[in-house]
Every structure is written in structure tokens, then in C-alpha cells.
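Using the numbering used here, read the sequence shown as starting at -12 and increasing by one per residue. Worksheet for the structure shown next.
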Amino acid sequence: MPNEKFETGLAVRTRVLGQAFVARSQGGLDDFSRPFYELAIEYCWGNVWAREGLDMRTRSLLNLAMLSSQNRSNEFRMHVRGAINNGCSKAEIRETLIQVAIYCGVPTGAESFKLAKEVFAEIESETTAQEKGE
């Protein structure tokens, strides 16, 4: 059931991940999944991401490190986009993933580099298409 923290969380999530992504994720909700979605938006985005103390760029880089270390590829890909939206550079993302590779293992780092490169290519393709008016 939406409340102030949910609304704050939804606004933060939309700012980080983009309106199109949020709309797609909401489109798949049903009676089974809606309670989990609301919980995640309220607590993850409304309570943690909206906190003061760390800027959004730092939160994004931390998320990339943690999601990479847990091999959570779908969430990792989503948060690569979020990191770019939050102003993180490819160089900062690369350095974060190098750190992950040393502390979590080279296979984990290799997979994360592969996924990040795929997301970068998708973003470039989308940008080119927008520039061409497609």
C-alpha cells in the first residue's frame, strides 16, 4: 500500500533508472508480485537510497560492487545504467570492477566486465538511434 516512503522511493528509482525502465517493471506487476515490489520500493529506494550521507554516485558504485560479487546479473545490468544516470564514468565503473575482481575473484570480475560492456553498447545504440530520430 503506497505511502510517503513509497512515493519518495519511486521518485528516486525513477531518477536513477529512468521512467521507461520503471514503467516496464510496473507493467509486469500482478497480485502476487505487487507486495514485494512495494516493499522493495519503500525500503530499498525510499529508506536507503533517499538517505543523506552518501551521494548517488557512491551508492551506485557500491551497488555495482555488491551485485557483481553476488553474481546478480539482472540487477547488476540495471545498476550499470543507474550508475551512468548518476554521473559515474566508465572509468569509475571499470575501477570498481577491478576491485571486485581482486577481492571476489577473477571469474566474477570477468563476468561483470562482460555485462557492463553489453550495457554500454546498448546505451550507445539507444543514443545513436535517438540522435537519428528513430
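All C-beta atoms in this analysis are idealised placements derived from N, C-alpha and C, irrespective of residue type, glycine included. Owing to the predicted nature of the structure, the values given are computational and were not obtained by experimental measurement.
Just so you know, the alpha carbons of Glu(-9) and Tyr24 end up roughly 15 Å apart. Annotation for Ile110: the continuous alpha helix (DSSP H) segment containing it runs Val93 to Glu118. Comparing C-alpha distances from Gly69 to each of Glu121, Glu(-6), Gln6 and Phe(-7) shows the shortest one belongs to Gln6. Contact between Leu41 and Cys75 is ruled out by a C-beta separation of about 13 Å, above the 8 Å threshold. Contact between Asn72 and Leu4 holds: their C-beta atoms lie close to 7 Å from each other, under 8 Å. Rounded to the nearest angstrom, the Cβ distance from Leu54 to Ile80 is 12 Å, too far for a contact under 8 Å. For Ser60, the closest C-alpha among the options Ala78, Phe100, Ala88 and Glu39 is that of Phe100. Annotation: the continuous alpha helix (DSSP H) that includes Tyr24 extends over Arg21 to Leu26.
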